[in-house]
Amino acid sequence: MTNFKVFLAALPLLLCPSKNGQEVETQPGFFVTYNCDKATVTSVRAVANSAANVNDCVHAYDDEPADQFPDDDAPDANCEAENAACTTNSNILETSLNECQAREEQWGKKQYALNQCPTNDNKIVTYGNLQYKIYCNKRTPVMADLRITSDGFDECLTACSHEAKCKGVHYVVNWQKPCKLLSKIADANSPPKLSETVMIAALPAIRR
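Take the sequence shown: its letters are residues 1 to 208, numbered as in this note's numbering.
(1) Could you tell me the alpha carbon to alpha carbon distance between Gly21 and Val32, rounded to whole angstroms?
(2) CA-CA distance, Ser161 and Asn174?
(3) For Glu23, which of helix, strand or coil comes out of DSSP?
(4) Work out the CA separation of Leu93 and Val125 for me, nearest whole Å.
(5) Beta carbon of Asn115, beta carbon of Ile134: below 8 Å?
(6) Are the region 136–152 and the region 177–194 touching by the rule of at least three beta carbon pairs closer than 8 Å?
(7) Helix, strand or coil: how does DSSP classify Glu76 here?
(8) Tell me, please, whether the region 163–180 touches the region 84–104 by the rule of three or more beta-carbon pairs shorter than 8 Å.
(9) Within its chain, find whatever has a CB closer than 7 Å to the CB of Gly128; leave out the 5 residues flanking it on each side and keep chain order.
(10) Quick test of your reading: Ile148 and Lys177, contact by CB under 8 Å. State the CB separation rounded to the nearest angstrom.
(11) Nearest by alpha-carbon distance to Arg207: which of Glu155, Val172, Tyr132 and Glu25 is it?
(12) In terms of residue numbering, what span does the beta strand (DSSP E) encompassing Ser183 cover?
(13) Can you tell me which residues form a DSSP beta bridge with Ile124?
(14) On the three-state DSSP scale, how would you describe Gly108?
(15) Could you check the C-alpha separation between Leu146 and Pro204 for me, to the nearest Å?
(16) Along the beta strand (DSSP E) that carries Asp229, what are the first and last residues, could you check?
(17) Would you tell me roughly how many angstroms separate the C-alpha atoms of Asn83 and Gln27, rounded to the nearest one?
(18) When the Cα atoms are used, what is the spatial distance from Asn78 to Cys86?
(19) May I ask which residues mark the beginning and end of the alpha helix (DSSP H) holding Thr33?
(20) Are the CB atoms of Lys184 and Gly152 nearer to each other than 8 Å?
Quick look at the structure:
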């Protein structure tokens, strides 16, 4: 059974004050309570906003309290969708960052190699236990590859110094893997020749 309190701001004189506070069944199972000299409000929120004293007003209510936590799958579904989108965006950004860092590293290696010329052209440099003579934009006329790597210029020559089979280096600046360790080079009587590719030949001052 539901009991509703109805605010009556203005009642005929025959109702007030004689029926003030009385509860009347107007329809089977439906009751109203007369409240004289009380202002009506349209919602519970209106009561909270307008009533200075809880005793100054009366508001409608239901015997069964409203469910404060209604079942609603929409917020969870939205949250899952947002999390999925966030994860996707995060993965895309991380991939872009890794690619950018790889390009930056490759560019740094390229610039460092380019700076060897003409500064060190025809000069002797030492890496590990070997001395190399640098030839800018030249290559040995006889060669065979031992290994090709993405090492920077310094790392490339150091690797050759530590590899007994390495006879020299061709560093091809614009290649993705610019470091070529050579297992065979021309003898000292065959000087390097000009190359059409931007590269550096680093050959041991004393052949191995």
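For every residue, glycine included, the Cβ atom is placed at its ideal position computed from N, Cα and C.
Just so you know, these numbers come straight off a predicted model, no measurement behind them.
With the structure as the only source:
(1) 10 Å
(2) 23 Å
(3) strand
(4) 42 Å
(5) no
(6) yes
(7) Correcting the residue identity first, residue 76 is Asp in this sequence and not Glu. Residue state, collapsed to three classes: helix.
(8) no
(9) Thr158, Ser161 and His162
(10) 5 Å
(11) Tyr132
(12) Cys179 to Ile185
(13) Lys133
(14) helix
(15) 16 Å
(16) No answer is possible for residue 229: the residues shown for the chain start at 1 and end at 208.
(17) 53 Å
(18) 12 Å
(19) Thr33 -> not in any alpha helix (DSSP H); beta strand (DSSP E) instead, spanning Phe30 to Thr33.
(20) no
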